[in-house]
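Following: one structure in structure tokens, then a few remarks.
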Amino acid sequence: MIQNFTSKWPIFAPIEIDFDQDRLRDEIVLSNILTKSKIATTQQVDGKNFWDDQKHFKDHIFEKQKEVPLWNDKELTPSTIDTFYQVNVTTFDEDDLADVWRGEHKTKTRIPLWIAEDYQWHYRSDYHLPYLESIVNSIGLNYVSMIRIIVQDPPSIGLIHKDSGIKTNSEYYDGGGINITLNVTTGGANLYFIDTDDNERHVDEDNIKAWHFNDGALHCTSEVSSQRIQIRIYGNHPNYKSIMDLNRAI
Ligand SMILES: [Fe+2]
Numbered sequence: 000m001i002q003n004f005t006s007k008w009p010i011f012a013p014i015e016i017d018f019d020q021d022r023l024r025d026e027i028v029l030s031n032i033l034t035k036s037k038i039a040t041t042q043q044v045d046g047k048n049f050w051d052d053q054k055h056f057k058d059h060i061f062e063k064q065k066e067v068p069l070w071n072d073k074e075l076t077p078s079t080i081d082t083f084y085q086v087n088v089t090t091f092d093e094d095d096l097a098d099v100w101r102g103e104h105k106t107k108t109r110i111p112l113w114i115a116e117d118y119q120w121h122y123r124s125d126y127h128l129p130y131l132e133s134i135v136n137s138i139g140l141n142y143v144s145m146i147r148i149i150v151q152d153p154p155s156i157g158l159i160h161k162d163s164g165i166k167t168n169s170e171y172y173d174g175g176g177i178n179i180t181l182n183v184t185t186g187g188a189n190l191y192f193i194d195t196d197d198n199e200r201h202v203d204e205d206n207i208k209a210w211h212f213n214d215g216a217l218h219c220t221s222e223v224s225s226q227r228i229q230i231r232i233y234g235n236h237p238n239y240k241s242i243m244d245l246n247r248a249i
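Here is the structure:
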């Protein structure tokens, strides 16, 4: 059933892309690109995660959310459990993009690079992932901008955060923008998010290979038990909804 959502875009919808998850995992792992991944965490504000409103994700499976590393200026806080790492596959600039956002929270100018630099990017020159490229080519995009790999190695829990604003993302989709996740390995964890009715949802990732997710919604993952790998693809599609399974949208 299509649930209520204030924008005409769902927060979540399965995407019809078929690919071989094991083959993609092997290509990524054997390429050694994961050795370039860097921690992707958020700022500590008043001793806690900037995004954690302390109201959501209160179940016991999220208890270790309080123990993840956070940025305290440029130093990471002490932690007992790790969180996301990321590495880019495409770039508009240097091969190894240092950050995927521009601007600052303080001045409310912080926006993701896939929105700030919304045009054709190129694949980095030092790693080649031909199977991934062929999957991206199969989506029928007008152009691809950012592709990045998100990885979690145990012990790790994906910290509570938003990547953008829901409205900012909706405007991006209105202009043809996409936000597709390829589920390579779940690592025994799941994506959890808060829907527009303030309900906690999670994705049964064993049954969905690819999905659209509006990452302006508050989200996190449960703790992984093995390596979790996801690919995030941004770019422009002539008819994004045509590749969504709207019957299973949220
Ligand atoms: Fe995210």
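Per numbering that gives the first Met the number 0, the sequence shown starts with residue 0, numbered consecutively. In this text, a Cβ means the ideal position worked out from N, Cα and C, and glycines have one as well.
Do you know how far the Cα of residue j is from the Cα of residue i?
i, j, result
"S163", "P111", "7 Å"
"I230", "N178", "10 Å"
"I146", "D196", "30 Å"
"C219", "T82", "10 Å"
"D95", "K54", "36 Å"
"I207", "N213", "16 Å"
"N198", "G157", "19 Å"
"H59", "P237", "42 Å"
"N3", "P9", "With a pLDDT of 44 at N3, under the threshold of 50, the modelled position of that residue is not reliable, and the figure given next carries that caveat. Approximately 9 Å between the Cα atoms of the pair."
"P68", "D125", "29 Å"
"Q64", "L217", "14 Å"
"Q100", "I114", "Residue identity differs from the one stated: residue 100 is Trp in this sequence, not Gln. Computed Cα separation, rounded: 9 Å."
"S241", "E204", "21 Å"
"D19", "D25", "10 Å"
"T5", "K161", "Per-residue confidence for T5 stands at a pLDDT of 48, beneath the threshold of 50, marking its modelled position as unreliable; no derived number is given."
"S169", "Y118", "17 Å"
"G175", "L29", "33 Å"
"W265", "P129", "Only positions 0 to 249 of the chain appear in the structure, and residue 265 is not among them; the question remains open."
"T167", "R109", "11 Å"
"T41", "D72", "10 Å"
"L23", "N136", "14 Å"
"T185", "D21", "12 Å"
"L140", "D45", "42 Å"
"D194", "T106", "27 Å"
"D51", "I165", "17 Å"
"D312", "Y239", "There is simply no residue 312 to check, as the chain begins at 0 and stops at 249 in what is shown."
Would you call the CB atoms of residue i and residue j closer than 8 Å?
i, j, result
"I215", "Y142", "The sequence shown places Gly at residue 215, not Ile. No, the Cβ-Cβ distance between G215 and Y142 is not below 8 Å."
"T89", "H127", "no"
"V183", "F11", "no"
"D244", "E15", "yes"
"A188", "E222", "yes"
"Y84", "I38", "yes"
"I80", "S155", "yes"
"R247", "P77", "no"
"I232", "I148", "no"
"V86", "S36", "yes"
"Y171", "F56", "no"
"Q43", "D152", "no"
"I249", "R200", "yes"
"F61", "H104", "no"
"E74", "F91", "no"
Please list the terminal residues of the continuous beta strand (DSSP E) segment that includes residue i.
i, result
"W210", "A209 to F212"
"L190", "L190 to I193"
"I242", "Note, I242: premise wrong, no beta strand (DSSP E); not H, not E."
"Q42", "Neither: Q42 is in no beta strand (DSSP E) and is coded neither H nor E."
"R227", "R227 to N235"
"N87", "Y84 to N87"
"E204", "Premise fails: E204 is in no beta strand (DSSP E) and is neither H nor E."
"T220", "H218 to T220"
Taking only beta-carbon positions, decide if residue i is within less than 8 Å of chain D.
i, result
"D214", "Protein chain content of the structure displayed is limited to a single chain, and chain D is not contained in it."
Identify the continuous alpha helix (DSSP H) that holds residue i and give its terminal residues.
i, result
"I114", "L112 to A115"
Checklist entry - Could you name the residues, in chain order, whose CB is less than 5 Å away from a heavy atom belonging to ligand 1? => result D162 and D214
Next on the checklist: Just to confirm the assignment: which complete beta strand (DSSP E) runs, minimum length 3, are found wholly within the region 124-182?
Outcome noted: Taken in chain order, the complete beta strand (DSSP E) segments of 3 residues or longer contained in the region 124-182 are 142-151.
Next on the checklist: Could you tell me which whole beta strand (DSSP E) segments of length 3 or greater appear in the region 8-35?
Outcome noted: 11-13
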